[in-house]
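This report refers to the structure that appears directly beneath it.
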Amino acid sequence: MEVDHKRALELITAAAEKDCPDALAEMANMYQNGNGVPRDVPTAIRWTYRLIDYQKRNIASEKDAIDSITIHRNLGVQYGSARKYTEERTAYLNTLSEIERLKDMISPNEILRQRMYTYEQLIGVCIKLWEPCEAYLEQ
1 MEVDHKRALE LITAAAEKDC PDALAEMANM YQNGNGVPRD VPTAIRWTYR
51 LIDYQKRNIA SEKDAIDSIT IHRNLGVQYG SARKYTEERT AYLNTLSEIE
101 RLKDMISPNE ILRQRMYTYE QLIGVCIKLW EPCEAYLEQ
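Quick note on my numbering: the sequence shown kicks off at 1 and runs consecutively.
See the structure below:
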């Protein structure tokens with residue numbers, strides 16, 4: 001079966017513009033990875049921000065809270081792939097704030113897991129930010 005990418009994009013875009021969370025996530029993913037559209041990280045980031053706004057208004061369960069945290073962290077990954085490391089670091093710091101904001105909805109073990117994973121990402125970006133400084137200092 002042949003896929004009509006143009007029609008698929010039209011349908012997904014229409015659903016995303018009506019704040020369908022699955023469509024918002026798919027738009028971010030499509031532009032992040034170039035699936036059916038030219039790869040465009042800034043556009044992926046815009047769709048991710050829109051999904052974050054939707055999630056903030058619609059968190060009702062632990063799963064929703066974890067999804068919101070994951071979306072925040074994915075924003076960091078998107079900035080990292082665009083080599084915008086300062087913005088990547090900010091996204092991970094915002095992820096930690098989101099974990100703190102939602103901690104009453106999440107089990108203690110899950111809070112710990114989310115924090116550890118986010119700190120791991122944050123350390124990685126801090127190393128990326130430090131490397132140019134280190135090279136400069138060695139001169």
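Idealized CB from N, CA, C, for every residue including glycine.
If distances are taken between C-alpha atoms only, which option among Val125, His5 and Leu129 comes closest to Asn35? Of the candidates Val125, His5 and Leu129, the one whose C-alpha sits nearest the C-alpha of Asn35 is His5.
For Ile45, which residues of its own chain have a beta-carbon under 6 angstroms away from its beta-carbon, when the five flanking residues on both sides are left out? The residues Gln78, in chain order, have a CB closer than 6 angstroms to that of Ile45 in the same chain once the five nearest residues on each side in sequence are set aside.
Thinking C-beta only, is Ala8 closer than 7 angstroms to Ala16? No, Cβ-Cβ distance for Ala16 and Ala8 is not below 7 angstroms.
In this structure, does DSSP put Leu11 in helix, strand or coil? Of the three classes helix, strand and coil, the one that applies to Leu11 here is helix, per DSSP.
Same chain only: Cβ atoms within 7 angstroms of Ile12, ignoring 5 sequence neighbours per side: If the five residues before and after Ile12 are omitted, its C-beta is found closer than 7 angstroms to the C-beta atoms of Ala23, Glu26 and Met27, all from its own chain and listed in chain order.
For Cys20, the three-state DSSP class (helix, strand or coil): Looking at Cys20 - three-state DSSP - the assignment turns out to be coil, as it is neither helix nor strand.
Grouping DSSP H, G and I as helix and E and B as strand, with all else coil, what is Ala60? In this structure, DSSP gives Ala60 a state outside helix and strand, which the three-state scheme calls coil.
Spatial distance of Glu131 from Gln121 (CA atoms): Here the alpha carbons of Gln121 and Glu131 stand approximately 16 angstroms from one another.
Report the residue from Asp19, Asp104, Thr118 and Gly124 whose alpha carbon sits nearest the alpha carbon of Asp53. With distances taken between CA atoms, Asp53 lies nearest to Asp19 out of Asp19, Asp104, Thr118 and Gly124.
Quick one: grab the DSSP three-state call for Val37. Residue state, collapsed to three classes: coil.
CB-CB length for Leu75 against Ala91, believed under 8 angstroms: Indeed they touch by this definition, with Cβ atoms about 4 angstroms apart.
Would Leu112 count as contacting chain D if we go by Cβ distances under 7 angstroms? Protein chains in the displayed structure number just one, and chain D is not present.
What is the rounded straight-line gap between the Cα of Glu10 and the Cα of Leu51? Rounded to the nearest whole angstrom, the C-alpha separation of Glu10 and Leu51 is 18 angstroms.
Using only the alpha-carbon positions, how far apart do Val125 and Arg89 sit? If you take the alpha carbons of Val125 and Arg89, they lie about 6 angstroms apart.
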